[in-house]
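**Q** Could you have a look at this structure, given as structure tokens, before my questions?
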Amino acid sequence: MFKIKMFKENKYGLSKKNLLIIGFIISIILSFLAGGYLSGKSEVVRKVTTSEAVYLGKLNGKYSEAKSGELSQDVDFKIFWNVWDQLKGNYVDQDKVTEKKMFYGALQGMVASIGDPYTVFMDPKITKDFDGELAGTFEGIGAEIGIKDDVLTIISPLPDTPAKKAGLMAGDKILAINASSTAGISVNEAVSKIRGPRDTQVTLTILHKSTGKTDDVKITRGVIIVKSVKTELRKDNYFVITITSFNDDTKDLFNKAVLEGVKAKPKGIIIDLRNNPGGYLETAIDMASAWIQNGLVVSEKHSDGSMINHPSRGQALFKDIKTVVLVNQGSASASEIVAGALQDDNKAVLIGRKTFGKGSVQTLINLDDGSSVKITVAKWLTPKGRSINDEGIMPNYEVDLTKEDYDATRDPQMDAAVDYLAGKDFKKLIMTEKAKIKEAKK
């Protein structure tokens, strides 16, 4: 006896057996079509990595575009990996080839290609050093350096540091570090070579701006602890505020200095911004606001022409006190903002030398691995629209401080500030100083 298995029909009148047969046939058809589709997709992928890479500028070998959209020029990214492999496979000293160094070196090169000395990539070690510097503690020689006219230059030696004690001055050129030429060097690379553990030595070949002579200066590194604000009430009742940088501690220290100055009721104030390499923008605005009430401190001009204005804020407790600001070639960045704002608003007279001319705005972006990138995003303008970048701020009265003055512990710039506040024949004094400079050059 045979068992007959019955198939229940569905509402379309098809038995389950018929449905299985139809499903099998459909699966064969889909497999065939899928093969054609995958073949077509492979052709599309091939075109994306060849034709589109050539004509649209997409990254060759990549399936995602840059966040901002299509690249404006053709980029064959396989060339990058080709060079990478060539280095790893063929470089003579293979023990010196590390992927981490190559990776960070590639990022540094990419950022350096912009050609802006203030737009830089910093690996994790340099980022840590940079953070320590803003905190006011690091190990090295204690000098701010930068690129000026394509040459590594001392922007400012910090007070009571090995660099200052060795006689380095703002504007001196660093031609070599430990006998290695600095031609074409980046600021980051120079910093990494100059800095080092305390009690170790570094030799800098210096072209002295004041004498035009070149010599090797051997400096013993130390722990650099910088208190960014110092005050002094002179016997003649002039209140001197020396600001060496605009760091993490500067705002609170300056606020205390303001209260100290108001309490002292001085005949005049001298703000010493000489050899101040700058720092935080917000601190510069707060500082200028001690003189400027309800006015503009600085403006940011961006690449699209848009402007961001930064007005003063808080109480201008020094607004009615006669003030002199001392500046020189080492006054840069945030110190130039303060000097330019007080000069434009007629709140202070500037005495010294023209400032460094670092008037660009950087934003610091911290990356996931501890590295970071500083990118120039705008330029600074004084309240009257003067561009600080490259031009610098010209003082109202030019007074030099030569190496001879420094060696003899003379400070004609400070003397000039005191004489101005005292109402002495200042123009005659300036002519006398210029005559001294001319005589010293003979």
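What the sequence shown shows, in my numbering, is residues 55 to 496, in sequence order. Even for Gly, the Cβ is constructed at its ideal location relative to N, Cα and C. Here the structure is a predicted model, which is why all the values come from computation and not from measurement.
#1: Tell me which residues share the same chain as PHE78 and place their Cβ nearer than 8 Å to its Cβ, disregarding the 5 neighbours each side in the sequence.
#2: If you scan the region 157-212 from start to end, which runs of the alpha helix (DSSP H) of 4 or more residues do you find wholly inside it?
#3: With contact counted as at least three CB pairs below 8 Å, one residue from each stretch, are the region 390-401 and the region 155-172 in contact?
#4: What residue from LYS247, THR268, ASN136 has the CA that sits closest to ILE199's CA?
#5: Start and end of the alpha helix (DSSP H) containing GLY394?
#6: Given this structure, state the Cα-to-Cα distance separating THR285 from ALA311, to the nearest angstrom.
#7: Which residues bound the alpha helix (DSSP H) around GLU445?
#8: Do you know whose CA, among TRP434, ALA388, ILE339, lies nearest GLY368's CA?
#9: In whole angstroms, give me the CA-to-CA distance for ALA402 and ASP226.
#10: Tell me whether TRP1 is buried or exposed, calling it buried when 16 or more other Cβ atoms sit within 10 Å of its Cβ.
#11: On the CB-based measure, 16 or more other CB atoms within 10 Å of its CB, does HIS364 come out buried or exposed?
#12: Which value, in whole angstroms, describes the spacing of the CA atoms of ALA470 and ILE323?
#13: How would you call VAL241, buried or exposed, if buried means at least 16 neighbouring beta carbons within 10 angstroms?
#14: Can you tell me the Cβ-Cβ gap for ALA386 and PHE410, rounded? I've got them flagged as a contact below 8 Å.
#15: Using DSSP with H/G/I as helix, E/B as strand and the rest coil, what is THR337?
#16: Taking the beta carbon of TYR451 as the centre, do at least 16 other beta carbons fall within 10 Å, making it buried, or is it exposed?
#17: Identify every residue that forms a DSSP beta bridge with MET361.
#18: Once you ignore the five residues that flank MET176 on each side, which residues in its own chain have a CB closer than 8 Å to its CB?
#19: Return the CA-CA distance between LYS305 and TYR460, expressed in angstroms with no decimal places.
#20: What residue from LYS267, VAL351, ASP303, VAL283 has the CA that sits closest to ILE297's CA?
#21: When we look at the beta-carbon of MET361 and count the other beta-carbons within 10 Å, is it buried (16 or more) or exposed?
#22: Excluding the five sequence neighbours on either side, which residues of its own chain have a C-beta within less than 6 Å of the C-beta of GLY477, listed in chain order?
#23: Leaving out five residues before and five after VAL205 in sequence, what residues of the same chain have Cβ atoms less than 7 Å from its Cβ?
#24: Does DSSP put VAL245 in a helix, in a strand, or in coil?
#25: Run through DSSP, which three-state label would ALA432 get?
#26: State the Cα-Cα distance for the pair GLN140 and GLN255, rounded to the nearest angstrom.
#27: Taking LYS408 and HIS262 to be in contact with their CB atoms under 8 Å, please state how far apart those CB atoms are, rounded to whole angstroms.
**A** Inspection of the coordinates gives the following:
#1: Here the model assigns PHE78 a pLDDT of 48, short of 50, so the residue's position is not dependable, and the following value carries that caveat. Excluding residues within five positions, none has a Cβ falling inside 8 Å.
#2: Within the region 157-212, complete alpha helix (DSSP H) segments of at least 4 residues are found at 178-189, given in chain order.
#3: In short, these stretches do not touch, since the Cβ pair count stays below three.
#4: LYS247
#5: For GLY394, the enclosing alpha helix (DSSP H) stretches over residues 388-398.
#6: 7 Å
#7: Unbroken run through GLU445: none, as it is neither H nor E.
#8: The shortest Cα separation from GLY368 among TRP434, ALA388, ILE339 belongs to ILE339.
#9: Cα to Cα, the separation comes out at about 28 Å.
#10: Nothing about residue 1 can be reported from this structure: the residues present for the chain run from 55 to 496 only.
#11: buried
#12: Cα to Cα, the separation comes out at about 13 Å.
#13: buried
#14: 4 Å
#15: helix
#16: buried
#17: LYS355
#18: PHE184, ASN242, SER425, SER426, VAL427, LYS428
#19: 30 Å
#20: VAL283
#21: exposed
#22: none
#23: LYS227
#24: helix
#25: strand
#26: 37 Å
#27: About 19 Å; that fails the 8 Å criterion.
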